[in-house]
Amino acid sequence: MTNVYPEKISPSRSPRDVPTVRACLRCKTVFQSEGFGERVCPRCKGSAVWKSSMPTRGDGTRQR
Ligand SMILES: [Zn+2]
Numbered sequence: 000m001t002n003v004y005p006e007k008i009s010p011s012r013s014p015r016d017v018p019t020v021r022a023c024l025r026c027k028t029v030f031q032s033e034g035f036g037e038r039v040c041p042r043c044k045g046s047a048v049w050k051s052s053m054p055t056r057g058d059g060t061r062q063r
């Protein structure tokens, strides 16, 4: 059992799937995005307007 997987140290994740600084699509405020798909700042996300415009309601972390 001495198998070493080189993929373990290779950057297999998408560069857009990592936390980065983005500008909010609604208020243009620069915020810390948690990853891919996070394009709206938490402030706008918490607003009722944003929630009503989202077709999918829940925790926001849906996976197929
Ligand atoms: Zn915003």
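Here numbering that gives the first Met the number 0 is used: position 47 in the sequence shown is 46, and no number is missing along the way.
The beta carbon of each residue, even a glycine, is placed where N, CA and C say it ideally should be.
Can you tell me where the beta strand (DSSP E) with R21 in it begins and where it stops? 19-22
Cβ neighbour criterion (16 or more within 10 Å) applied to C26: exposed
Below 7 Å between beta carbons: does that hold for C40 and F30? yes
Please list, in chain order, all residues of the same chain as C23 whose beta carbon is under 7 Å from its beta carbon, the five residues on each side excluded. F30, V39, C40, C43
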